[in-house]
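The opening residue of the sequence shown carries number -17 in this note's numbering; numbering runs sequentially from there. Inspection log for the structure reproduced underneath, given as structure tokens.
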Amino acid sequence: MELDLAGAELKAVLNRLRRAQGQIAGVIRMIEEGRDCEDVVTQLAAASRALDRAGFAIIATGLQQCLTEVEDGRRSGESRDEMRARLEKLFLSLA
């Protein structure tokens, strides 16, 4: 399945990923500067949350597209159980 993010969805995901990118750069800089462990971990946790939210947004969009494909009959050869198992695996990869 090809992911088709457009408009507001695309902008939101890219913003989250850019935020995470900046936070990770901040973590690297903080470690290089020998900053306080608590500050580093706090920044790292923020980056992790931003990545999680971007991942969930991507999966939610993918789920919506999969359901549309099933309804339209475009996803041939894959049963609902197979699709459910595939999507479950995606969700668990973020857990």
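Think of the CB as a built atom: it goes at the ideal place given N, C-alpha and C, for glycine as much as any other residue.
Quiz prompt | Exposure of GLN25, with buried meaning 16 or more beta-carbon neighbours within 10 Å | solution = Within the sequence shown, the letter at position 43 stands for residue 25. Flag for GLN25 reads buried.
Quiz prompt | Enclosing alpha helix (DSSP H) for GLY(-11) [first to last residue] | solution = If you number the sequence shown from 1, residue -11 lands on position 7. From DSSP, the alpha helix (DSSP H) with GLY(-11) extends over -11 to 14.
Exercise. Could you tell me the distance, in whole angstroms, from the CA atom of GLY16 to the CA atom of ILE40?
Key: The residue given as residue 16 occupies position 34 in the sequence shown. The residue given as residue 40 occupies position 58 in the sequence shown. Straight-line Cα distance between these residues: approximately 35 Å.
Quiz item: If you count every other CB in all the chains shown that lies within 10 Å of the CB of THR27, and 16 or more means buried, which is it?
Solution: As a first step, residue 27 must be located in the sequence shown, where it is residue number 45. According to the sequence displayed, residue 27 carries Ala and not Thr. Burial call: exposed.
Quiz item: Would you call the CB atoms of ALA29 and ILE6 closer than 9 Å?
Solution: The residue you call residue 29 lines up with position 47 of the sequence shown. The residue you call residue 6 lines up with position 24 of the sequence shown. Yes, the Cβ-Cβ distance between ALA29 and ILE6 is below 9 Å.
Quiz prompt | Cβ pair ALA36, VAL(-5) closer than 9 Å | solution = Counting from one through the sequence shown, the residue named residue 36 turns up at place 54. Counting from one through the sequence shown, the residue named residue -5 turns up at place 13. Yes; because the gap between Cβ atoms is below 9 Å, this pair is in contact.
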